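Working notes, beginning with the structure itself.
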Amino acid sequence: MGGSDASIAGVEGGTPVYSAEDLTAGGNLAQIRLSEAVYTLRITRQGKLILTK
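In our numbering, the protein residues as written are 6 to 58.
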């Protein structure tokens, strides 16, 4: 999948594992594009993840 700047933290059971902190560049928000849709990944204060369209 081309164009990704996020580093893969490892592979578990054949599935790539990404660090949420890497995806958000140390912040708490990241934009993730799938085809034409853009999703927002948010890390909450409680350390949980929310993905919204």
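The C-beta atom is built at its ideal place from N, Cα and C for all residues, glycine as well. Only a predicted model underlies this, so the values are computations on that prediction, with no experimental measurement involved.
So, at 7 angstroms on beta carbons, what are the nonlocal neighbours of residue i in its own chain, with the 5 sequence-adjacent residues on each side left out?
| i | result |
| --- | --- |
| Lys53 | none |
| Ser40 | none |
| Lys58 | Ala42, Tyr44 |
Below 8 angstroms on the Cβ atoms is my guess for residue i versus residue j; work out the distance and round it to an integer in Å.
| i | j | result |
| --- | --- | --- |
| Thr45 | Leu28 | That pair is no contact at about 11 angstroms. |
| Val43 | Gln51 | Not really, about 25 angstroms apart at Cβ, beyond 8 angstroms. |
Taking 8 angstroms as the cut-off, decide whether the C-beta atoms of residue i and residue j are in contact.
| i | j | result |
| --- | --- | --- |
| Val22 | Ala30 | no |
| Ile48 | Ala25 | yes |
Within a Cβ cutoff of 6 angstroms, which residues of the same chain sit near residue i, ignoring the five residues on either side of it in sequence?
| i | result |
| --- | --- |
| Gly19 | none |
Kindly list the residues whose CB is nearer than 8 angstroms to the CB of residue i, restricted to its own chain and excluding five residues on each side of it in sequence; keep chain order.
| i | result |
| --- | --- |
| Val16 | Val22 |
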